[in-house]
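These protein sequences, in sequence, are chains A and B. Numbering (UniProt numbering) for the first sequence: 1 to 213. Numbering (UniProt numbering) for the second sequence: 1 to 213.
Protein chains: 2
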Amino acid sequence: MRISQLVEESGVPLATVKYYLREGLLPPGTATTATQADYSEQHLHRLRVIRALTGAAGLPVQRARAVLALIDAPDGDLFESLGRAVAALPPYAGVDPDGDYPRARAVIERLGQLFDPQYAAVAQLEHALKAAEDAGLPISDERIEAYGRHLHAIAEFDLGQMPSAAAASDAAAGSAAIEYAVLGTALYEPVILAMRRLAHQDVAAGILEGGHD
Amino acid sequence: MRISQLVEESGVPLATVKYYLREGLLPPGTATTATQADYSEQHLHRLRVIRALTGAAGLPVQRARAVLALIDAPDGDLFESLGRAVAALPPYAGVDPDGDYPRARAVIERLGQLFDPQYAAVAQLEHALKAAEDAGLPISDERIEAYGRHLHAIAEFDLGQMPSAAAASDAAAGSAAIEYAVLGTALYEPVILAMRRLAHQDVAAGILEGGHD
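Here it is, written out as C-alpha cells:
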C-alpha cells in the first residue's frame, strides 16, 4: 500500500508516520519509484505497536526503540529478553542490582517466589511497599497472601495466552511472545485497576445496605 | 507537640507543613502563646495522609483538599462519599453521566455487576479497553472472566479489611472508611501491579525451561 493508505488505515497522521520512519521505529517500505514506497500489513501492525508503546504505555521514543529492538531480534535467552522488554515500561523505580530490597524480599519469599534484585519489578514493589508503610497502611501478611494467590492465578492465565510460548527457541515465536508480554503488561494493567475499582463498588454496594439504589 | 517536633516526627519539611496550614489541608494547632501552637497525634496522622495523597497518589493540592473534605465530613450516603473520594484519584478519564461506554458496559454486564456510568471507573475501564483494542489486543471474554473472578476476590478481601464498614452510620467510622478506601486504592494499586509482574516472571521461569537458573 502507499503511505497515504497506511495513514488512512492506521489513523496515524502522515507527519507522525514520517517521524517514526526517520527515527527508525518503522522500517522503510519497499521503494517502487524514486519518490514512492510500498508498505505492507507488517507496517500497519508495527504502527499499532508503536502507538501503543508511545501512547497508552507512555514510553519515551528512546525506550520504545529499545523495546522494538528486542521484539525484532530477541537474543537467545527469551526469559531475559522478556524481562528486559517489560522493564522498559514505567514506573521506573531504578534497579540497583546490589540493592537491598528488604520489604520486597520479605514479600517475595513469603510467596515462595525467587528473589532476584535484577528483576525491575523488585525495586517497583519495594517502592510501593515503602509508600504504603510511610502512609501508615503497611501491607499485612494476610493481604500479601490474598493478593499473591489471585495475582498468580491471573499471571498463569496471561502466560497461558502467550503466543507460542512453548516454541521459545524459534525467533519469530520469541518476537511474538515479547510483543505480547510488553503490550499485555502495558495495556492490561489499566484494565485490571479499573476492574478492581468497579469490583470495590460492587462489593461495597452489597455491604452498605441502603447506600445504593 | 511543638511544630518543630511535628516536622521531626513526620519528616515533612517546615516550609511544607506551613504551606499545608496556609492551604487549609492541615488544621491549625491549639494556640499556646501569641506565636506558638500545640499539635497533636491527629496532626501527625493528617500529615501522613496528605503526603500519601500528594506524593504516592499524585494528587494536585486542589483534589487532595476535596478528598480531605470528604474524610472530614462524609455526607449521609457513605457509598456515594466513597465513590466521590476514589474518583478524585488518577487516572482522570472524564466522566460523562450520559456517556455511552459500550466496551465497559459489555464487560460489567458480563460480570453481572451494576452498570452505572456515574462511577468514575466506568470511563476509566472504557478508555483502557479501547486502548487495548486499538493496539490489536482486544480483551477476550475468557480474559474478562478470569480477571473478573480474581479481582472480585481481591476486592472482597479489601472491603473485609475496611475499618468499621458495618457501622457506616457513625460519622467517625465513615471518615475512617473513606480514608481507607482512598489510601488503599492509591497505595495498593502499585503493589498489585508490581506483584503481577513478579508473578509473570515466576510463571514464565517455569514455562521457559532452561531460560532461568
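Each residue gets a CB set at the ideal place from its N, CA and C atoms; glycine is no exception.
- Query: Can you list the residues of chain A that B/Ala176 reaches, using a CB-CB cut of under 8 angstroms?
  - Reply: Chain A residues near B/Ala176: none, gap ~12 angstroms exceeds 8 angstroms.
- Straight-line CA distance for B/Ala106 to B/Gln113? 10 angstroms
- Classification of B/Gln62 by the beta-carbon crowding that lies within 10 angstroms, buried from 16 upward: exposed
- Task: Mind checking which residues open and close the alpha helix (DSSP H) that includes A/Ala73?
- Result: No alpha helix (DSSP H) holds A/Ala73; DSSP gives it neither H nor E.
- For B/Ala205 versus A/Phe79, is the C-beta distance shorter than 8 angstroms? yes
- Coil, strand or helix - B/Thr185 by DSSP: helix
- Message: So with CB distances below 9 angstroms, who are the chain A contacts of B/Gln201?
- Response: Phe79, Leu82, Gly83, Val86, Gln113, Leu114, Asp116, Tyr119, Ala121, Ala155
- Report buried or exposed for A/Arg196, applying the criterion of at least 16 other Cβ atoms within 10 angstroms of its Cβ. buried
- Query: Distance, Cα to Cα, B/Arg143 vs A/Pro117?
  - Reply: 30 angstroms
- Message: Against A/Met195, what residues of chain B qualify as contacts under a CB-to-CB distance less than 7 angstroms, listed in chain order?
- Response: Leu125, Tyr147, Gly148, Leu151
- Test: B/Gly184 CB closer than 8 angstroms to a CB of chain A: yes
- Query: Can you tell me the Cα-Cα spacing of B/Glu23 and A/Glu23, whole angstroms?
  - Reply: 46 angstroms
- Query: Listing by chain order, which chain B residues have their CB less than 7 angstroms from the CB of A/Glu189?
  - Reply: Leu193
- Roughly how many whole angstroms lie between the Cα atoms of B/Ala194 and A/Ala57? 15 angstroms
- Message: Please confirm whether A/Leu129 has its beta-carbon closer than 8 angstroms to some beta-carbon of chain B.
- Response: yes
- Could you tell me which of B/Pro74, B/Glu145, B/Val122 sits nearest to B/Gly94, measuring between CA atoms? B/Val122
- Closer than 8 angstroms to chain A by CB, B/Ala73: no
- Query: To which residues does DSSP link A/Asp38 through a beta bridge?
  - Reply: A/Thr30
- Task: Could you name the residues of the same chain whose beta carbon sits closer than 6 angstroms to that of B/Leu14, not counting the 5 residues immediately before and after it, in chain order?
- Result: Val7
- Looking at the structure shown, is A/Gln5 part of a helix, part of a strand, or coil, going by DSSP? helix
- Message: Between the alpha carbons of A/Ile139 and A/Gln42, how many angstroms are there, rounded?
- Response: 45 angstroms
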